[in-house]
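Residue numbering for the sequence shown follows full-length UniProt numbering, beginning at 1 and increasing consecutively.
Cβ atoms here follow ideal geometry from the backbone N, Cα and C, with glycine treated the same way.
See structure below.
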Amino acid sequence: MQLQLAHGATAAAAGVTAHVGYFNRGEHHSSGARWLAGGAAAVGTTAVLRRYGATAARGHNEQEDWQACLGWALSVWICFLAGLYTTSLLIYRLLLHPLNRFPGPFAARIGDLWLSLQLGGHDMDRLSQQLSTTYGAYVRVGSSTLMLTHPQAVAAIHGPGSRCRKAAIKGFGDRALRSYEARVAVYVQHLLARLEQARGQPVDAARLTEAFAFDTMGDLGLGSDFGMLHSATTHAAVQQLVQGMTIMGRRLPMWLMRLLVDIAQSLVPTEATTGFLAFCYRHLDRLLLMDDLERVQRPSLMAPMIAHYEHQPPAHRDLSALRNDCRFIVIAGSDTVAATLAFALFYLAKHPQHVPHVRKELQPLRSVNRPFLDHRLRDAAPYLNAIINETLRLHPPASTIMRITPPEGITVADTFVPGDMTVFSSQYAIGRSEALYTNANDFRPERWHSHPGLVKDASGYAPFSVGQHSCLGRPLALMEMRLVLAEILSHFSLTFAPNFDHASFLDRVHDCMSWHISSLDLCFTPLD
Numbered sequence: 001m002q003l004q005l006a007h008g009a010t011a012a013a014a015g016v017t018a019h020v021g022y023f024n025r026g027e028h029h030s031s032g033a034r035w036l037a038g039g040a041a042a043v044g045t046t047a048v049l050r051r052y053g054a055t056a057a058r059g060h061n062e063q064e065d066w067q068a069c070l071g072w073a074l075s076v077w078i079c080f081l082a083g084l085y086t087t088s089l090l091i092y093r094l095l096l097h098p099l100n101r102f103p104g105p106f107a108a109r110i111g112d113l114w115l116s117l118q119l120g121g122h123d124m125d126r127l128s129q130q131l132s133t134t135y136g137a138y139v140r141v142g143s144s145t146l147m148l149t150h151p152q153a154v155a156a157i158h159g160p161g162s163r164c165r166k167a168a169i170k171g172f173g174d175r176a177l178r179s180y181e182a183r184v185a186v187y188v189q190h191l192l193a194r195l196e197q198a199r200g201q202p203v204d205a206a207r208l209t210e211a212f213a214f215d216t217m218g219d220l221g222l223g224s225d226f227g228m229l230h231s232a233t234t235h236a237a238v239q240q241l242v243q244g245m246t247i248m249g250r251r252l253p254m255w256l257m258r259l260l261v262d263i264a265q266s267l268v269p270t271e272a273t274t275g276f277l278a279f280c281y282r283h284l285d286r287l288l289l290m291d292d293l294e295r296v297q298r299p300s301l302m303a304p305m306i307a308h309y310e311h312q313p314p315a316h317r318d319l320s321a322l323r324n325d326c327r328f329i330v331i332a333g334s335d336t337v338a339a340t341l342a343f344a345l346f347y348l349a350k351h352p353q354h355v356p357h358v359r360k361e362l363q364p365l366r367s368v369n370r371p372f373l374d375h376r377l378r379d380a381a382p383y384l385n386a387i388i389n390e391t392l393r394l395h396p397p398a399s400t401i402m403r404i405t406p407p408e409g410i411t412v413a414d415t416f417v418p419g420d421m422t423v424f425s426s427q428y429a430i431g432r433s434e435a436l437y438t439n440a441n442d443f444r445p446e447r448w449h450s451h452p453g454l455v456k457d458a459s460g461y462a463p464f465s466v467g468q469h470s471c472l473g474r475p476l477a478l479m480e481m482r483l484v485l486a487e488i489l490s491h492f493s494l495t496f497a498p499n500f501d502h503a504s505f506l507d508r509v510h511d512c513m514s515w516h517i518s519s520l521d522l523c524f525t526p527l528d
């Protein structure tokens, strides 16, 4: 017994040492599968050493059976984990962690799994607002995670630009946007045709805006649309993406997410886990095979990044980074536009008093039998732009983008946040703060043009983020939103479908990293 106690104490001490000397320094969450496999191998090795070590010490006739050796090895490793997690890590997080001075739920101090357990309904938006109301502008929501809802947090977290964005910026410049506008207009007309076919019968506006956004971004980003407006069905790759985002919406700790991904990829055929990625990569490969003339004749958002990639020495080319850019462009560009358009249509159906004002300002901006031009909508349609701004305030497309503070830390409104901590500014909670907006939970587009006094402090308004992490596609996304809303409001009146429960619509919307809108049944009746 004394020998086993000594071994247990030694294992626990080793666990404490491992936490203080290694696991508490740097990021190790990406190696979950490796640590799990290593732990299993260590238990087996310890059992083998116990069996044959004991045999050598006692003689060949006194071998311990394998079950006893395995039980002993497991006991040693349980003691190691107890030292690592219970004694050292738990004490550190509860008593010594640099974030201990910030308020928040007690259980959140122990680990990031607390946040995941609160998000069974994928309600990060509502949770962030509730936590902000309860604890204030600085809330600890994980062992090393801090949620900030102070308006100055946006600029403090997202900082200045960096060189890595220069190649991508070319794809979103004014000249490039002008070349994209005619192509966007084609999909706007496809969308209008779908609404015309319905002839006032109920349609799911959420699926239509989703189809428009993915078809448009597939064309502009990859040179090939998803065919969703034409087929009136959701592409299989998009279905898989939505399912994946639903899982991501649980915001599992990164170590657990990586572990589950590694396990899934080892058990499930590759095609089943990479359908959306395979679609993106297949079209990226096609773009890589194009010559310069083809790329000039039909430009894409990926073209500048591909050119930058091809101008690198072969040894320095990073195909994985190019693939990441490819999938990010499609996801970010599609989800943002689809959700914002759906929310805007919901609010216009709920508050129809705004529609005549928009139609009035649109009348002089349109040429006969020609689509709207975005630069005219941008500069001379303040009410339309106010509706978009107000929708983005209430439902920001990426409300909780997390960042790591620099080693020296950051200061937000005289409050110091230590270095190497995970932080995020909840745009949802900031946008609904009564300290920043009068009647913050109400849809009041006039606050952005005729009644600026309804905005007390706009410094925290950043639905597309700011600094080096701001959305490069912001001008393109706003172009799409303006063109779609202008055309719909000029051609149709919109009302809720007779059996649609619009009162509970927002309760059925979920924050899954991007907005998940199950359905939005509207009737679009052509104007005389």
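Please return the same chain residues whose Cβ sits closer than 6 Å to the Cβ of H395, not counting the five positions on each side in sequence.
Along the sequence shown, read from residue 1 onward, the residue named residue 395 stands at position 395. Excluding positions up to five away in sequence, the list reads F343.
From H308 to D318, what distance separates their C-alpha atoms?
Mapped onto the sequence shown, residue 308 falls at position 308. Mapped onto the sequence shown, residue 318 falls at position 318. Straight-line spacing of the CA atoms in H308 and D318 works out to 11 Å.
Across the stretch 443-452 and the stretch 385-399, are there enough close Cβ pairs to call them in contact, namely three or more that are closer than 8 Å?
Contact holds: three or more Cβ-Cβ distances are below 8 Å.
Using the C-alpha atoms, what's the distance from P103 back to V337?
As a first step, residue 337 must be located in the sequence shown, where it is residue number 337. As a first step, residue 103 must be located in the sequence shown, where it is residue number 103. A direct Cα-Cα distance of roughly 35 Å separates V337 from P103.
Grab the span of the beta strand (DSSP E) containing I430 for me, first residue to last.
In the sequence shown, counting from the first residue as 1, residue 430 sits at position 430. Unbroken run through I430 is the alpha helix (DSSP H), Q427 to G431; no beta strand (DSSP E).
Indicate the three-state DSSP secondary structure (helix, strand or coil) for Y461 in the structure shown.
By one-based count along the sequence shown, residue 461 stands at place 461. Per DSSP, reduced to three states, the secondary structure at Y461 is coil, with no helix or strand assignment.
Using 8 Å as the Cβ pair cut-off and three pairs as the minimum, do the stretch 282-301 and the stretch 225-232 touch?
Short answer: they don't touch.
Within its chain, find whatever has a CB closer than 6 Å to the CB of L284; leave out the 5 residues flanking it on each side and keep chain order.
Locating residue 284 in the sequence shown gives position 284, where the first residue counts as 1. Excluding positions up to five away in sequence, the list reads C326.
Just to confirm before moving on: does the CB-CB distance between V358 and L527 stay below 7 Å?
Along the sequence shown, one-based indexing puts residue 358 at 358. Along the sequence shown, one-based indexing puts residue 527 at 527. Contact: no.
For the alpha helix (DSSP H) holding W66, just list the boundary residues, first then last.
Taking the first residue of the sequence shown as position 1, residue 66 is located at position 66. Annotation: the continuous alpha helix (DSSP H) that includes W66 extends over W66 to L81.
For C471, name the three-state secondary structure that DSSP assigns.
In the sequence shown, residue 471 corresponds to position 471, counting from 1. Coil, per DSSP.
Pick from A462, H491 and G409: whose alpha carbon is nearest that of V154?
In the sequence shown, the residue the question calls residue 154 occupies position 154. Per the Cα distances, A462.
Relative to the alpha-carbon of R251, which residue among S425, G453, W114 and F226 has its alpha-carbon at the smallest distance?
Your numbering for residue 251 matches position 251 in the sequence shown. In this structure, W114 is the residue among S425, G453, W114 and F226 with its C-alpha nearest to the C-alpha of R251.
Select from D204, T145, F106 and T149 the residue whose C-alpha is nearest the C-alpha of P498.
On the sequence shown, residue 498 is found 498 positions in, with the first residue counted as 1. Looking at the Cα atoms, D204 is the closest of the given residues.
Between F346 and L483, how many whole angstroms is the CB-CB distance? I'm expecting something under 8 Å.
Position 346 of the sequence shown holds residue 346. Position 483 of the sequence shown holds residue 483. The Cβ separation is near 19 Å, so there is no contact.
Nearest by alpha-carbon distance to D511: which of T45, A37, L127 and A108 is it?
As a first step, residue 511 must be located in the sequence shown, where it is residue number 511. Considering only alpha carbons, the answer is L127.
Just verifying my parser: in three-state terms, what is the DSSP assignment at D219?
By 1-based counting over the sequence shown, the position of residue 219 is 219. DSSP places D219 within a helical segment (H, G or I) once states are collapsed to three.
CB-CB length for L148 against Y135, believed under 8 Å:
The residue you call residue 148 lines up with position 148 of the sequence shown. The residue you call residue 135 lines up with position 135 of the sequence shown. Not a contact, Cβ separation roughly 11 Å.
Give the straight-line distance between the Cα atoms of G419 and H190, rounded to the nearest whole angstrom.
As a first step, residue 419 must be located in the sequence shown, where it is residue number 419. As a first step, residue 190 must be located in the sequence shown, where it is residue number 190. If I take the Cα positions, the gap works out to 50 Å.
I'd like the span of the alpha helix (DSSP H) that includes S143, first residue to last.
Counted from its first residue, the sequence shown places residue 143 at position 143. Element bounds for S143: n/a, residue is neither H nor E.
Please report how far the alpha carbon of A440 lies from the alpha carbon of S426, in whole angstroms.
In the sequence shown, residue 440 corresponds to position 440, counting from 1. In the sequence shown, residue 426 corresponds to position 426, counting from 1. About 15 Å.
Cβ separation of A413 and H150, assumed to be a contact under 8 Å, to the nearest whole Å
Counting from one through the sequence shown, the residue named residue 413 turns up at place 413. Counting from one through the sequence shown, the residue named residue 150 turns up at place 150. So it is a contact: roughly 5 Å between Cβ atoms.
Burial state of W515, where buried means 16 or more other Cβ atoms lie within 10 Å
For the purposes of this step, residue 515 is taken as residue 515 along the sequence shown, with counting starting at 1. Looking at its Cβ environment, which holds 16 or more other Cβ atoms inside 10 Å, W515 is buried.
Given a cut-off of 7 Å on the beta-carbon distance, is the pair C79 and A12 in contact?
Here residue 79 is taken as the residue at index 79 of the sequence shown, counted from 1. Here residue 12 is taken as the residue at index 12 of the sequence shown, counted from 1. Yes, the pair counts as a contact, with Cβ atoms nearer than the cut-off.
Output the distance between the C-alpha atoms of H60 and R51, rounded to the nearest integer angstrom.
For the purposes of this step, residue 60 is identified with residue 60 of the sequence shown, where counting begins at 1. For the purposes of this step, residue 51 is identified with residue 51 of the sequence shown, where counting begins at 1. Confidence in H60 is poor, its pLDDT being 49 and thus under 50, which makes the residue's placement unreliable; the coordinate value appears in the next sentence. When rounded, the distance between both Cα atoms is 11 Å.
Which residues bound the beta strand (DSSP E) around V203?
As a first step, residue 203 is located in the sequence shown; it is residue number 203 there, counting from the start. Residues P202 to D204.
Report the rounded CA-to-CA distance for R508 versus Q118, giving the unit in angstroms.
Counting from one through the sequence shown, the residue named residue 508 turns up at place 508. Counting from one through the sequence shown, the residue named residue 118 turns up at place 118. In a straight line, the C-alpha of R508 is about 17 Å away from that of Q118.
Simplified DSSP assignment, three categories, for P526
What you label residue 526 is simply residue 526 of the sequence shown in a count that begins at 1. In this structure, DSSP gives P526 an extended state, which the three-state scheme calls strand.
Quick one: using the 10 Å Cβ neighbour count with 16 as the cut-off for buried, is P253 buried or exposed?
Residue numbering aside, residue 253 sits at position 253 when the sequence shown is read from its first letter. A residue is called buried once 16 or more other Cβ atoms fall within 10 Å of its Cβ, and P253 is buried on that count.
At what residue ranges does the stretch 349-389 contain a whole run of the beta strand (DSSP E), taking only runs of 3 or more?
With a minimum length of 3 residues, no continuous beta strand (DSSP E) run stays inside the stretch 349-389.
Taking the alpha-carbon of K350 as reference, which of S519, T495 and T45 has the nearest alpha-carbon?
Position 350 of the sequence shown, counted from the first residue, corresponds to residue 350. The residue with the shortest Cα to Cα distance from K350 is T495.
Pick out whichever of A9, G142 and A477 has its Cα sitting closest to the Cα of D335.
Translated into the one-based positions of the sequence shown, residue 335 becomes position 335. Residue A477 is the option with its Cα nearest to D335.
Pick helix, strand or coil for V296, following the three-state DSSP scheme.
On the sequence shown, position 296 is the one that residue 296 refers to. In the three-state DSSP reduction, V296 falls in the helix class (H, G or I).
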